[in-house]
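Contents: one structure, followed by commentary.
The structure is reproduced here in structure tokens:
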């Protein structure tokens, strides 16, 4: 039984609560700035340079897009473990169609995006029609797609993708930062708008937090869940297109390494900006926080094993933190 | 409050018990004395401190310094460590019983013992035999091999209590045994509550004591010897049950006299048809038809398994019906095809009984909960006006008397009664034509109950027809102008106007089962 402490809480306590809330909201950003300061102090000549930052901002746009794709079904309480495999398949499709079959780059991109959406629909239908947990369905379809990608590419890296894609993604710059960074920011804004300011976004949240309540409130929960997985399929494919543009080539395996960082960023992001909720700005900040950490450690001389350790550790810590945020919120805020 | 002098042989004595949460006193020098071999009621509205008191005994909360506890005449240091209550032969049964549905009765029975002690060679044959003997001792027909998910709700409650008794008996600790039943009855129909009471009597007959926590004054009057009523963290009264009337209890709980509940004046003549159900079949229900007039409140009830509680969900499309139609607003709706969204579009709304899972989203704010069905209609589908949503939620909170009046609070932090008011506000704002209710005051304290009744009456007089499924006969008698009584999926009796009383409904419900047995 909760005593009604809220009504008569003194102003001081309210102020204190607001302060802790603000700290939580911007905590990650503060830690990020501190991290930059520390690395900047230790390696002022290499770390604290504009080229380094523009590389970080540009090259990690792909990860931002994957993470944005993830948080949509996560908000509806569904996991999409196939997203990184969709991304790899999509980049490979762009390469195979464009390089091996001479399809125009525009059409190749459209085909890749369509395949992403189709995978999302298949995931969604399997989950909602047969009532299988999304973890299992997407683990299966993801692994299946990974095999398909290896088959499609004959396990080879395919290079020689039309330079117009590279120009639009990484070569052309605004304020010295590749365009793909701005694409990612625009997408984050769109997702933020969708989740916060549309009835559809609220419904996704309702489905995630109280599925039966949502159903009895007249929401077609199955349709919402399928739509969310379609969105994550689309974002996964889009990330694949950006990846192909960034590398100018597609390889059948490296996209898979985006899976774990994306989950780490999604959960870490849910501890800030809008604590307790998966949110796109939090996710974006989290991606750059993680990458800053890794880049800094590499500059300090750690070899690449640090990447795995950092991402893996961050995922566990992020989930722990997000659990703490949620748990406290449930007691009372 | 003058405390009675210490009885040397009290099974349990608590006094000067205080507990402060964030500056707010949940308990304020409360006292409680349980005599050996007595069933002692603990009553009060939501927020009165009875849960806090129970949690202090369970070692879940530490009381404020100065609080005192005595068990079997011996001083016990507070706070109790979690689980320390076992040393004093105290055992708890909470409302949610603590059973694992997918495991068998026997596995659940042994749960506590296996969780606590290692066992490297469980003799299942002997355990099964012991369980059978135990159930026979208490005259309970339970199959140790049955899955808990498959047995009736009352049998689950009985199992939980028997398990608590065995745990209480096994520890050779201090005291004569104290069983704490923390609201074990709200999900049970009246007839089954009697079976539970027989078990309680068997427990005290063996010398143990029972604390019976409940919302239901009738149950407390039936089973307890004495009762302590808490209000705002203080003891409002300690009542000798035999010498007290129901009015005494209610006055102590609420702190004011309630106006006697007069049944609503029966409609002189039923108005024209407003919502008509034809030949509804689905689940247990067979061929149910009903003609509802504007402003009418019709109750459906019966014993457990009679199917009456499925009707709201079948009409709403929350569960698939086999067949039937609903005529509403001049249109016919095929009930085997209806989905909740269609029902809402036709002006039908549902207030489900399972508030925690189907009624509210606890981790979201009140404002989100209450604006859920009107989001796209009123606040701009692709550009939500968030401030308007909060303002409207605040306004609705005022109209439906939701406390505390802050729409940004999380739903889960509200009491049961206030959550239910939010659910009513959420649906009644749509000016529905047909309102379907299932146990609208379950887990709602007495004060809020009156408010809920008032809102139902207002919605009816605003032009809705109301169908209320409930096993609370007193509630049906208070709000309905017609009550349909079910057995085995069919209507077996109809009471109207002045015929309706708690006793009449009970009699017909029980009569029905006999004729079908």
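Residue numbers (my numbering), protein chains in the order written: chain A, 4 to 336; chain B, -13 to 503.
Ideal placement from N, C-alpha and C gives every residue a C-beta, glycine not left out.
> How many Å lie between residue 7/B and residue 27/B at the Cα?
Replying inline: For this step, residue 7/B is matched to residue 21 along the second chain. For this step, residue 27/B is matched to residue 41 along the second chain. Approximately 25 Å, taken between the alpha carbons.
>> I'd like to know if residue 335/A contacts chain B, where contact means its C-beta is closer than 8 Å to some C-beta of that chain.
In response: Position 332 of the first chain, counting from 1, holds the residue named residue 335/A. The pLDDT assigned to residue 335/A is 32, lower than 50, so where the model puts this residue is not dependable; a value taken from the coordinates is nonetheless given after this. Yes, contact with chain B.
>> So with CB distances below 8 Å, who are the chain B contacts of residue 223/A?
In response: The residue you call residue 223/A lines up with position 220 of the first chain. Those are 325 and 327, listed as they occur along chain B.
> How far does the beta strand (DSSP E) with residue 136/A in it reach, from first residue to last?
Replying inline: Looking up residue 136/A in the first chain gives position 133. Taken as a continuous stretch (DSSP letters only), residue 136/A belongs to no beta strand (DSSP E), as it is neither H nor E.
> In three-state DSSP terms, what is residue 228/B?
Replying inline: The residue labelled residue 228/B in the question sits at position 242 within the second chain. It is helical.
> When the Cα of residue 161/B is compared with those of 491/B, 74/B and 426/B, which residue comes out closest?
Replying inline: Taking the second chain and counting its residues from 1, the one referred to as residue 161/B is at position 175. Looking at the Cα atoms, 74/B is the closest of the given residues.
> Taking a cut of 9 Å between CB atoms, which residues from the segment 198 to 210 of chain A lie near chain B?
Replying inline: 199, 200, 201, 202, 203, 204, 205, 206, 208 and 209
>> Considering Cα atoms alone, identify which of 287/A, 108/A and 322/A is closest to residue 167/A.
In response: Taking the first chain and counting its residues from 1, the one referred to as residue 167/A is at position 164. Out of 287/A, 108/A and 322/A, 108/A has the C-alpha closest to the C-alpha of residue 167/A.
> With 16 as the cutoff for other CB atoms within 10 Å, does residue 371/A come out buried or exposed?
Replying inline: Look at the range of chain A in this structure, 4 to 336, and you will see that residue 371/A is not part of it.
> With a cut-off of 8 Å, does the C-beta of residue 380/B fall near any C-beta of chain A?
Replying inline: Start at 1 with the first residue of the second chain, and residue 380/B comes out as number 394. Taking Cβ atoms only, chain A never reaches closer than 8 Å to residue 380/B, which makes this a no.
> How do the segment 419 to 433 of chain B and the segment 355 to 363 of chain B stand: do at least 3 beta-carbon pairs fall below 8 Å, yes or no?
Replying inline: no
> Would residue 134/B count as contacting chain A if we go by Cβ distances under 8 Å?
Replying inline: Position 148 of the second chain holds residue 134/B. Residue 134/B does not count as touching chain A.
>> Rounding to the nearest angstrom, what Cα-Cα distance links residue 119/A and residue 230/A in this structure?
In response: The residue labelled residue 119/A in the question sits at position 116 within the first chain. The residue labelled residue 230/A in the question sits at position 227 within the first chain. Between residue 119/A and residue 230/A, the C-alpha separation is close to 13 Å.
> Should the segment 141 to 151 of chain A be called in touch with the segment 195 to 203 of chain A, which here means at least 3 C-beta pairs below 8 Å?
Replying inline: no
> Taking a cut of 9 Å between CB atoms, which residues from the segment 330 to 352 of chain B lie near chain A?
Replying inline: 330, 331, 336, 338, 340, 343, 344, 345, 346, 347, 348, 349 and 350
>> Using a Cβ distance threshold of 8 Å, determine whether the segment 247 to 266 of chain A contacts the segment 32 to 44 of chain A, with at least three qualifying pairs required.
In response: no
> Can you tell me the Cα-Cα spacing of residue 316/A and residue 323/A, whole angstroms?
Replying inline: In the first chain, counting from the first residue as 1, residue 316/A sits at position 313. In the first chain, counting from the first residue as 1, residue 323/A sits at position 320. If I take the Cα positions, the gap works out to 11 Å.
>> Measuring only the C-alpha atoms, how far is residue 64/B from residue 202/B?
In response: On the second chain, position 78 is the one that residue 64/B refers to. On the second chain, position 216 is the one that residue 202/B refers to. Distance between the alpha carbons of residue 64/B and residue 202/B is about 31 Å.
>> Less than 8 Å between the C-beta atoms of residue -3/B and residue 185/B, yes or no?
In response: As a first step, residue -3/B is located in the second chain; it is residue number 11 there, counting from the start. As a first step, residue 185/B is located in the second chain; it is residue number 199 there, counting from the start. Not in contact: residue -3/B and residue 185/B (Cβ atoms no closer than 8 Å).
> chain B beta carbons: is any one of them nearer than 8 Å to that of residue 27/A?
Replying inline: Counted from its first residue, the first chain places residue 27/A at position 24. Answer no: the Cβ-Cβ gap between residue 27/A and chain B never drops below 8 Å.
> Quick one: what does DSSP say residue 355/B is sitting in, helix, strand or coil?
Replying inline: On the second chain, position 369 is the one that residue 355/B refers to. Residue state, collapsed to three classes: helix.
>> Please list the terminal residues of the continuous alpha helix (DSSP H) segment that includes residue 249/A.
In response: As a working note, residue 249/A is residue 246 in the first chain. That run of the alpha helix (DSSP H) goes 224 to 250.
> Do residue 191/A and residue 283/A have their C-beta atoms closer together than 8 Å?
Replying inline: To locate residue 191/A, count along the first chain from 1; it is residue 188. To locate residue 283/A, count along the first chain from 1; it is residue 280. Yes; because the gap between Cβ atoms is below 8 Å, this pair is in contact.
> What's the C-alpha gap between residue 101/A and residue 158/A?
Replying inline: Translated into the one-based positions of the first chain, residue 101/A becomes position 98. Translated into the one-based positions of the first chain, residue 158/A becomes position 155. C-alpha separation (whole angstroms): 17 Å.
> Going along the chain, which unbroken runs of the alpha helix (DSSP H) with 4 or more residues stay wholly within the segment 290 to 334 of chain B?
Replying inline: 297 to 302 and 326 to 331
> Between which two residues does the alpha helix (DSSP H) harbouring residue 91/A extend?
Replying inline: For the purposes of this step, residue 91/A is taken as residue 88 along the first chain, with counting starting at 1. Here the alpha helix (DSSP H) through residue 91/A covers 86 to 98.
> Looking at residue 100/B and residue 504/B, is the spacing between their C-beta atoms short of 8 Å?
Replying inline: Residue 504/B cannot be examined here, being either before or after the span of chain B that is shown, -13 to 503.
> When the Cα of residue 227/B is compared with those of 352/B, 220/B and 236/B, which residue comes out closest?
Replying inline: The residue you call residue 227/B lines up with position 241 of the second chain. Ranking 352/B, 220/B and 236/B by Cα distance to residue 227/B puts 236/B first.
> Can the beta-carbon of residue 82/A be found less than 8 Å from the beta-carbon of residue 22/A?
Replying inline: Taking the first residue of the first chain as 1, we reach residue 82/A at position 79. Taking the first residue of the first chain as 1, we reach residue 22/A at position 19. It is not a contact, given that the beta carbons lie outside the stated cut-off.
> First and last residue of the beta strand (DSSP E) that includes residue 17/B?
Replying inline: The residue given as residue 17/B occupies position 31 in the second chain. Segment 10 to 20, the beta strand (DSSP E) holding residue 17/B.
>> Please return the same chain residues whose Cβ sits closer than 8 Å to the Cβ of residue 282/B, not counting the five positions on each side in sequence.
In response: Taking the second chain and counting its residues from 1, the one referred to as residue 282/B is at position 296. If we look at residue 282/B and ignore the five residues flanking it on each side, its Cβ neighbours are 253, 256, 257, 260, 446, 451, 452, 467 and 468.
> Hey, does residue 311/A have any beta-carbon neighbour from chain B nearer than 8 Å?
Replying inline: Stepping through the first chain from its first residue, residue 311/A is reached at position 308. So, not an interface residue.
> At which residues does the beta strand (DSSP E) containing residue 471/B begin and terminate?
Replying inline: Reading the second chain from its first residue, position 485 is the one you call residue 471/B. Taken as a continuous stretch (DSSP letters only), the beta strand (DSSP E) holding residue 471/B covers 468 to 473.
> What are the partner residues of residue 259/B, as DSSP defines its beta bridges?
Replying inline: What you label residue 259/B is simply residue 273 of the second chain in a count that begins at 1. Residue 259/B is bridged to 279/B.
>> Quick check on residue 29/B - is its C-beta less than 8 Å from some C-beta in chain A?
In response: The count along the second chain starts at 1 and reaches residue 29/B at position 43. No, residue 29/B does not count as interfacial toward chain A.
>> Looking at the secondary structure, which residues open and close the alpha helix (DSSP H) in which residue 31/A lies?
In response: Residue mapping note: residue 31/A aligns to position 28 of the first chain, counting from 1. It spans 14 to 45 - the alpha helix (DSSP H) in which residue 31/A sits, taken as one unbroken run.
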